[in-house]
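J.: One structure is given below, represented as C-alpha coordinates, and several questions about it will come after.
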(Lines of atoms letter the chains of each structure in order from A and count residues from 1; the text may use other names and numbers.)
(Lines give C-alpha, C1' and ligand atoms only; values in the text may rest on other atoms or scores of the structure.)
Protein backbone atom coordinates (compact mmCIF):
# COMPACT_ATOMS: atom_id res chain seq x y z
CA UNK A 1 0.00 0.00 0.00
CA UNK A 2 1.13 3.52 -0.59
CA UNK A 3 0.35 7.07 0.48
CA UNK A 4 -0.62 10.09 -1.58
CA UNK A 5 -1.05 13.79 -0.82
CA UNK A 6 -4.64 14.66 0.07
CA UNK A 7 -4.29 18.41 -0.55
CA UNK A 8 -3.43 20.76 -3.40
CA UNK A 9 0.02 22.30 -3.62
CA UNK A 10 -0.31 25.50 -1.55
CA UNK A 11 1.70 27.65 -3.97
CA UNK A 12 -0.46 26.56 -6.95
CA UNK A 13 -2.89 29.36 -6.01
CA UNK A 14 -0.23 32.03 -5.56
CA UNK A 15 -2.56 34.79 -4.31
CA UNK A 16 -4.03 32.52 -1.61
CA UNK A 17 -0.53 31.29 -0.70
CA UNK A 18 0.72 34.89 -0.38
CA UNK A 19 -2.27 35.91 1.75
CA UNK A 20 -1.83 32.91 4.07
CA UNK A 21 1.87 33.71 4.43
CA UNK A 22 1.11 37.34 5.34
CA UNK A 23 -1.69 36.35 7.74
CA UNK A 24 0.01 33.39 9.45
CA UNK A 25 3.72 34.31 8.96
CA UNK A 26 4.34 30.71 7.78
CA UNK A 27 3.03 28.63 4.89
CA UNK A 28 3.84 25.30 3.27
CA UNK A 29 5.01 26.15 -0.25
CA UNK A 30 5.15 22.75 -1.93
CA UNK A 31 5.37 19.11 -1.01
CA UNK A 32 6.02 15.75 -2.65
CA UNK A 33 6.10 12.06 -1.76
CA UNK A 34 8.88 9.85 -3.05
CA UNK A 35 9.12 6.23 -1.95
CA UNK A 36 9.22 6.52 1.85
CA UNK A 37 10.03 10.19 2.12
CA UNK A 38 7.99 13.38 2.37
CA UNK A 39 9.87 16.44 1.12
CA UNK A 40 8.99 20.06 0.58
CA UNK A 41 9.62 23.73 1.19
CA UNK A 42 8.13 26.23 3.62
CA UNK A 43 8.09 30.02 3.40
CA UNK A 44 8.23 32.17 6.53
CA UNK A 45 8.11 35.92 7.01
CA UNK A 46 11.51 37.31 7.93
CA UNK A 47 10.47 38.96 11.20
CA UNK A 48 13.57 38.03 13.18
CA UNK A 49 17.05 36.66 12.58
CA UNK A 50 16.96 33.67 14.96
CA UNK A 51 14.14 31.36 13.93
CA UNK A 52 13.25 27.68 13.84
CA UNK A 53 10.85 25.82 11.59
CA UNK A 54 9.59 22.28 12.20
CA UNK A 55 7.22 19.83 10.60
CA UNK A 56 5.00 18.19 13.23
CA UNK A 57 3.80 14.84 11.87
CA UNK A 58 1.68 12.00 13.22
CA UNK A 59 1.36 8.47 11.89
CA UNK A 60 -1.32 7.39 14.38
CA UNK A 61 -4.10 10.00 14.28
CA UNK A 62 -2.32 12.27 16.84
CA UNK A 63 -1.92 9.62 19.56
CA UNK A 64 1.74 10.63 19.19
CA UNK A 65 3.74 12.96 16.98
CA UNK A 66 7.28 13.75 15.88
CA UNK A 67 8.83 17.19 15.29
CA UNK A 68 11.28 17.29 12.38
CA UNK A 69 13.65 20.27 12.09
CA UNK A 70 13.69 22.06 8.74
CA UNK A 71 16.82 23.38 7.03
CA UNK A 72 17.33 27.02 6.04
CA UNK A 73 17.82 27.50 2.30
CA UNK A 74 19.99 30.35 1.05
CA UNK A 75 17.84 32.96 -0.64
CA UNK A 76 18.95 32.99 -4.28
CA UNK A 77 16.53 35.76 -5.28
CA UNK A 78 17.65 38.17 -2.57
CA UNK A 79 14.13 38.71 -1.20
CA UNK A 80 14.47 40.19 2.28
CA UNK A 81 10.82 39.73 3.29
CA UNK A 82 10.73 35.93 3.40
CA UNK A 83 12.98 32.95 4.13
CA UNK A 84 12.69 29.44 2.74
CA UNK A 85 13.15 26.23 4.73
CA UNK A 86 13.27 22.67 3.38
CA UNK A 87 12.26 19.39 4.97
CA UNK A 88 12.79 15.71 4.30
CA UNK A 89 10.76 13.39 6.54
CA UNK A 90 11.49 9.67 6.44
CA UNK A 91 8.20 7.78 6.65
CA UNK A 92 7.81 4.48 8.52
CA UNK A 93 7.90 1.34 6.37
CA UNK A 94 4.41 0.35 7.56
CA UNK A 95 1.51 2.55 8.62
CA UNK A 96 -1.77 0.77 9.47
CA UNK A 97 -4.48 1.85 6.97
CA UNK A 98 -6.80 2.99 9.78
CA UNK A 99 -4.19 5.46 11.09
CA UNK A 100 -4.44 9.05 9.91
CA UNK A 101 -1.17 10.53 8.69
CA UNK A 102 -1.22 14.32 9.08
CA UNK A 103 1.26 17.14 9.48
CA UNK A 104 1.41 20.85 10.19
CA UNK A 105 4.17 23.46 10.28
CA UNK A 106 5.52 25.24 13.37
CA UNK A 107 7.52 28.50 13.08
CA UNK A 108 9.17 30.01 16.18
CA UNK A 109 10.71 33.48 16.18
CA UNK A 110 11.21 36.22 18.81
CA UNK A 111 9.37 34.25 21.51
CA UNK A 112 6.30 33.77 19.29
CA UNK A 113 4.98 30.55 17.74
CA UNK A 114 3.11 30.53 14.44
CA UNK A 115 1.34 27.57 12.81
CA UNK A 116 0.32 26.54 9.33
CA UNK A 117 -2.26 23.79 9.81
CA UNK A 118 -3.97 24.14 6.41
CA UNK A 119 -6.76 26.33 7.83
CA UNK A 120 -7.43 23.90 10.69
CA UNK A 121 -7.57 20.78 8.51
CA UNK A 122 -3.86 19.84 8.73
CA UNK A 123 -2.05 18.47 5.69
CA UNK A 124 -3.16 14.88 5.19
CA UNK A 125 -1.62 11.89 3.45
CA UNK A 126 -4.18 9.31 2.38
CA UNK A 127 -3.75 5.56 2.13
CA UNK A 128 -4.12 4.13 -1.35
CA UNK A 129 -5.11 0.53 -2.07
CA UNK A 130 -3.15 -1.83 -4.29
CA UNK A 131 -5.24 -0.75 -7.28
CA UNK A 132 -4.82 2.94 -6.53
CA UNK A 133 -8.34 3.28 -5.15
CA UNK A 134 -8.85 5.09 -1.90
CA UNK A 135 -8.87 2.67 1.05
CA UNK A 136 -12.07 4.29 2.43
CA UNK A 137 -14.06 3.23 -0.64
CA UNK A 138 -12.74 -0.32 -0.33
CA UNK A 139 -13.88 -0.71 3.28
CA UNK A 140 -17.27 0.99 2.83
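Numbering (UniProt numbering), first residue to last: 1 to 140.
Note that the Cβ used here is the ideal one computed from N, Cα and C, for glycine as well.
If you're wondering where the values come from, they're calculated on a predicted model, not measured in any experiment.
#1: May I ask you to report which of helix, strand or coil DSSP gives residue 14?
#2: Over the uninterrupted beta strand (DSSP E) stretch that includes residue 108, give me the two end residues.
#3: State the Cα-Cα distance for the pair residue 98 and residue 120, rounded to the nearest angstrom.
#4: Quick one: what's residue 70 bridged to in DSSP?
#5: Using alpha carbons as the reference points, say which of 7, 71, 113, 123 lies closest to residue 103.
#6: For residue 25 and residue 47, which I take to be in contact (beta-carbon distance under 8 Å), what is that distance rounded to the nearest angstrom?
#7: Pick helix, strand or coil for residue 21, following the three-state DSSP scheme.
#8: Please report the residue range of the beta strand (DSSP E) in which residue 30 lies.
#9: Can you list, in chain order, the residues of its chain whose CB lies under 8 Å from that of residue 4, leaving out five sequence neighbours each side?
#10: Three or more beta-carbon pairs under 8 Å between the segment 66-84 and the segment 10-17, yes or no?
#11: Leaving aside the five residues before and after residue 110 along the sequence, list all residues of the same chain whose C-beta is less than 6 Å from its C-beta, in chain order.
#12: For residue 95, does the three-state DSSP call read helix, strand or coil?
#13: Is it true that the CB of residue 70 sits closer than 9 Å to the CB of residue 53?
T.: Let's see:
#1: The three-state reading of DSSP puts residue 14 in helix, counting H, G and I together.
#2: If you look at residue 108, you'll find it in the beta strand (DSSP E) that goes 101-109.
#3: Roughly 21 Å separates the two Cα atoms.
#4: For residue 70, which the question treats as bridged, DSSP gives no partner whatsoever.
#5: Selection 7, 71, 113, 123 evaluated against residue 103 yields 123 as nearest (Cα-Cα).
#6: So it is a contact: roughly 7 Å between Cβ atoms.
#7: The answer is helix: DSSP assigns residue 21 an H, G or I state.
#8: Counting along the chain, the beta strand (DSSP E) containing residue 30 begins and ends at 26-34.
#9: Once the five neighbours on either side are set aside, the close Cβ partners of residue 4 are 33, 125, 126, 128.
#10: Judged by Cβ distances under 8 Å, the segment 66-84 makes no contact with the segment 10-17, as fewer than three pairs qualify.
#11: Sequence-distant Cβ neighbours of residue 110 in its own chain, meaning closer than 6 Å and more than five residues away, are 48.
#12: Residue 95 falls in the coil class under three-state DSSP.
#13: Cβ atoms of residue 53 and residue 70: closer than 9 Å.
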